[in-house]
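Note sheet for the following structure.
Numbering (the UniProt record's numbering), first residue to last: 1 to 313.
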């Protein structure tokens with residue numbers, strides 16, 4: 001969704017970039033109301049959550065939008081084409097995260113066939129299916145609050161008998177708030193949030209619900225979009241309005257989260273990101289060439305972010 005008043009939006013973006021990023025951080029939006037700021041246009045929605053569940057960060061508007069795209073989810077040339085093309089980079093980044101600490105004497109490398117994944121906001125299962133097929137995977141639990149999309153995921157899963165083995169790939173129509181928390185010492189080796197955090201209400205509280213599901217020594221890996229002038233031009237104007245490679249209304253610029261905001265948020269979380277357990281990688285889609293890594297380009301638009309939960313002493 002592009003700003004209703006482009007001229008005003010441009011002024012707001014310039015103001016945003018000239019200030020400390022935490023001042024207008026989405027992590028702070030749910031705490032206060034700033035009705036005169038165009039870049040915080042979702043403030044009202046964040047304070048007055050339309051969900052019937054008081055503690056839910058699920059945005060019903062987003063659920064409705066993705067329900068409408070359900071039937072085309074597995075079309076590699078359809079509206080979800082960019083997600084299909086990005087999927088190999090998701091696995092590459094996860095491998096980079098795990099490799100960054102696997103040589104540490106205090107970080108035991110998980111055994112083969114032992115990795116447990118939790119894919120939050122799994123959509124039609126593009127990543128979940130590919131993760132379940134990896135030889136190093138024990139099981140994948142994939143959750144999404146969008147029922148029509150999950151029906152597509154379940155239907156596609158049945159095409160591959162290996163994915164139908166008990167506990168190999170389990171889909172749940174639920175939100176992270178309603179997913180039972182693991183017992184002490186439990187959790188998942190890898191928890192993923194691919195193209196999710198920019199679609200929820202109040203990312204701070206949302207992440208608070210996510211963190212307990214990462215086991216000590218495990219990784220939380222996500223991908224999202226930076227909230228900058230460049231990202232608005234690239235993802236809203238070019239991708240949605242000009243090129244039409246992303247369905248209109250998919251992105252709301254004010255919900256984007258900057259890489260620095262994530263780093264600052266996790267820096268305040270005890271037990272997260274120690275011993276170099278924080279990584280990020282910018283990527284950009286080049287028409288005709290696909291997704292490409294851009295070192296140091298986290299402010300341009302799309303990027304991956306990974307943070308490791310410290311081992312308990």
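For every residue, glycine included, the Cβ atom is placed at its ideal position computed from N, Cα and C.
Within the region 257-290, the runs of beta strand (DSSP E) that reach at least 3 residues and sit entirely inside it are, in chain order, 278-286.
Its Cα nearest to that of residue 312, the residue 186 stands out among 186, 83, 198 and 263. According to DSSP, residue pairing for residue 142 in a beta bridge involves 119 and 171. The count of Cβ pairs closer than 8 angstroms, one atom from the region 298-311 and one from the region 241-249, stays below three, leaving the stretches out of contact.
DSSP places residue 193 in the uninterrupted beta strand (DSSP E) bounded by 188-194. Annotated three-state conformation of residue 242 is helix, per DSSP. Cα atoms of residue 223 and residue 258: separation of roughly 11 angstroms, rounded to the nearest angstrom. Residue pairing by DSSP places residue 306 opposite 221 and 279 in a beta bridge.
Judged by beta-carbon spacing, residue 123 lies beyond the 8 angstroms limit of residue 140, meaning their Cβ atoms are not closer than that value. The beta carbon of residue 181 sits closer than 8 angstroms to those of 212 and 213, all from its chain and outside the five residues before and after it, given in chain order. Pairing residue 221 with residue 177, the inter-Cα distance amounts to about 18 angstroms. In the structure shown, residue 247 falls within a coil segment according to DSSP collapsed to helix, strand and coil.
Rounded to whole angstroms, residue 254 and residue 189 show a C-alpha spacing of 31 angstroms. Residue burial annotation: residue 243 is exposed, with fewer than 16 other C-beta atoms found within 10 angstroms of its C-beta. Straight-line spacing of the CA atoms in residue 77 and residue 83 works out to 10 angstroms.
In this chain, residue 297 is not harboured by any alpha helix (DSSP H), its DSSP state being neither H nor E. With contact defined as three or more Cβ pairs closer than 8 angstroms, the region 162-172 and the region 79-99 are not in contact. Distance from the Cα of residue 285 is smallest, within the candidate group 279, 277, 294 and 278, for 294.
Judged by DSSP in its simplified three-state form, residue 200 adopts coil rather than helix or strand. Of all alpha-carbon atoms in 174, 135, 158 and 160, the one lying nearest the alpha-carbon of residue 142 is that of 174. Closest by C-alpha distance to residue 168, out of 196, 152, 135 and 282, is 135. The C-alpha of residue 116 is placed about 6 angstroms away from the C-alpha of residue 137.
Look at residue 137 here: in three-state DSSP terms it is strand.
Of the other Cβ atoms in all chains shown, fewer than 16 fall within 10 Å of the Cβ of residue 183; this residue is therefore exposed. Closest by C-alpha distance to residue 86, out of 194, 217 and 99, is 194. Closest in C-alpha terms to residue 219, from the list 205, 99 and 129, comes 99.
Residue 302 counts as buried, since at least 16 other C-beta atoms from the protein chains shown sit within 10 angstroms of its C-beta.
Non-local C-beta neighbours of residue 280 in its own chain, meaning closer than 7 angstroms and more than five positions away in sequence, comprise 259, 298, 303, 304 and 305, ordered along the chain. The C-beta distance from residue 300 to residue 282 rounds to 6 angstroms, short enough to meet the 8 angstroms contact threshold.
With distances taken between CA atoms, residue 239 lies nearest to 80 out of 80, 56 and 72.
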